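Numbering (mature numbering (1 follows the signal peptide of the UniProt record, and there is no 0)), first residue to last: -26 to -1, 1 to 425.
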């Protein structure tokens, strides 16, 4: 059978793939088939192992293990994702490499924090952090392109209050979701400030490392030995290409003043103190490497910060300032300060958060508090492991309940919006699947994905 390429689209064909020249199966040394291609979307393939892994993930999220239809739906999702990638190529939808590198770096940092150390990750996976990072980079990039395509397709989707009410009214009362306990919790975070003497000591240490590099020692070697950036042992301090506006302003401003190969004097950012080398500039992008030393605060620094927050707490209790205004003016946590200090529910953007989503330390703290109360200043570690101080405000608590539009409007609005987006994506799939080859293995024809 021949494939006929049309002027601006491809004929879509679903049939047994064994006879096709591109149909190949992975084999071990004994010639046994250990994996096989079960679908092909343009130049993208889906392996049986890909489906098995995705189905396992589906089951881990409470899916029905006995449902054959569920397995078909999981496969359909994989095909839709590959179609999004194929169409992204056709429509020239991309993501900057700098953003991919930044996302990859964030994932590596989170893994180190969750598992405990780079050494534990390397022991668990049997490879270095750098090797693991290289291995998953293409997957991370594909996920980001898929997300960008979805945003492009659904960018114009909105829901009005009337549509939200209709969506809610159309749900049978006995089918309304049941929400667990929700709380409204805010925080005001202050990062300790170092004394001038402590800052001067760090700068002197970095200047000493800079002199060693200028005298001929390798920057990467020095970074591996002394930099406190997660991943520096593998990267040698190289963070890859970034566009303007993506890095800390002080870091970026310093880097862009350098000539390629030039090394800066120490510069301070929210992350600590750096010396920076500009490696290359390409238009709006620039590639740097750095050595980071993070501040270590003394008890005196922490005490000074606690005293400041305690004075803010007193002002709030005495109604001299609202908690929301104090958070906006004084909190050093950018994620919550713009929301009046409140933690946000992940998807809906509301300020009522399920207790299941709270950081365990916050949950156990508010579990001992009365609604409406504010803690004394508490020392804690931020995601980057640096120390900070905060006060927590336990504003409200909602008991477990069926979804109620008066209480859960933001969640219901997000569900209505997601439904419209899903309908738009389904329509897009029907319209776009004729533009690329999509081929299914005969064992999955009964899923009727292409019909």
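Glycine is no exception: its CB is placed at the ideal position from the N, C-alpha and C atoms. What you are looking at is a predicted structure, and each value in this text was computed from that prediction instead of being measured.
Beta bridge counterpart(s) of residue i as assigned by DSSP
| i | result |
| --- | --- |
| residue 328 | 156 |
| residue 413 | 14 |
| residue 361 | 355 |
| residue 19 | 14 |
| residue 371 | 157 |
Residue i vs residue j beta-carbon contact at 9 angstroms
| i | j | result |
| --- | --- | --- |
| residue 294 | residue 302 | no |
| residue 325 | residue 331 | no |
| residue 13 | residue 53 | yes |
| residue 276 | residue 361 | yes |
| residue 186 | residue 196 | yes |
| residue 260 | residue 70 | no |
| residue 207 | residue 116 | no |
| residue 46 | residue 420 | yes |
| residue 267 | residue 161 | no |
| residue 297 | residue 269 | no |
| residue 119 | residue 81 | no |
| residue 131 | residue 394 | yes |
Helix, strand or coil at residue i [DSSP, three-state]
| i | result |
| --- | --- |
| residue 246 | strand |
| residue 214 | strand |
| residue 195 | helix |
| residue 381 | coil |
| residue 395 | helix |
| residue -14 | Low per-residue confidence applies at residue -14: pLDDT is 31, beneath 50, and the placement is therefore not dependable, though the value from the model is reported in the following sentence. Note: residue -14 maps to coil in three-state DSSP. |
| residue 94 | helix |
| residue 405 | helix |
| residue 236 | coil |
| residue 221 | coil |
| residue 254 | strand |
| residue 174 | helix |
| residue 67 | coil |
| residue 7 | With a pLDDT of 46 at residue 7, under the threshold of 50, the modelled position of that residue is not reliable, and the figure given next carries that caveat. It is a strand residue. |
| residue 425 | coil |
| residue 114 | helix |
| residue 130 | coil |
| residue 164 | strand |
With 16 other Cβ atoms within 10 Å as the buried cut-off, status of residue i
| i | result |
| --- | --- |
| residue 338 | exposed |
| residue 152 | exposed |
| residue 345 | exposed |
| residue 4 | Because residue 4 carries a pLDDT of 48, less than 50, the predicted location of this residue cannot be relied on, and the following value inherits that uncertainty. Looking at its Cβ environment, which holds fewer than 16 other Cβ atoms inside 10 Å, residue 4 is exposed. |
| residue 258 | exposed |
| residue 355 | exposed |
| residue 64 | exposed |
| residue 305 | buried |
| residue 209 | buried |
| residue 288 | exposed |
Endpoints, alpha helix (DSSP H) assigned at residue i
| i | result |
| --- | --- |
| residue 337 | 334 to 340 |
| residue 263 | Per DSSP, residue 263 belongs to no alpha helix (DSSP H); it is in the beta strand (DSSP E), 259 to 267. |
| residue 310 | 308 to 311 |
| residue 279 | 273 to 291 |
| residue 24 | 22 to 34 |
| residue 89 | 71 to 89 |
| residue 209 | 206 to 209 |
| residue 56 | 42 to 64 |
| residue 137 | 135 to 143 |
| residue 297 | 297 to 304 |
Closer than 9 angstroms to chain D by CB, residue i
| i | result |
| --- | --- |
| residue 84 | Absent here is chain D; the protein component of the structure consists of one chain. |
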